[in-house]
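Here is the structure we will look at.
Residue numbers (our numbering): 11 to 76.
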């Protein structure tokens, strides 16, 4: 039997599982502004929250000034 430290072998979690577990276990939410499961108002809210917390995205910054 081989033992591997966490993250070095064994099962690799898919990104959706990582996001789900992050939310359920730590209250951390990772949401794509382009997630098709969201309605337009929900995507807009995500965009606004992202800009408030972290500033505009690189591609959005040029569009705002152009």
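For glycine and all other residues, C-beta sits at the position ideal for the given N, C-alpha and C.
If you compare alpha carbons, which of the options is closest to residue i?
{"i": "residue 55", "options": "14, 66, 70 and 43", "result": "43"}
{"i": "residue 38", "options": "67, 45, 28 and 61", "result": "28"}
{"i": "residue 40", "options": "49, 30 and 48", "result": "30"}
Alpha helix (DSSP H) containing residue i: first to last residue?
{"i": "residue 51", "result": "50-64"}
{"i": "residue 30", "result": "25-36"}
Can you grab the Cα-Cα spacing for the pair residue i / residue j, in whole Å?
{"i": "residue 64", "j": "residue 46", "result": "22 Å"}
{"i": "residue 53", "j": "residue 32", "result": "20 Å"}
{"i": "residue 58", "j": "residue 68", "result": "14 Å"}
{"i": "residue 60", "j": "residue 70", "result": "12 Å"}
{"i": "residue 26", "j": "residue 13", "result": "26 Å"}
{"i": "residue 22", "j": "residue 16", "result": "10 Å"}
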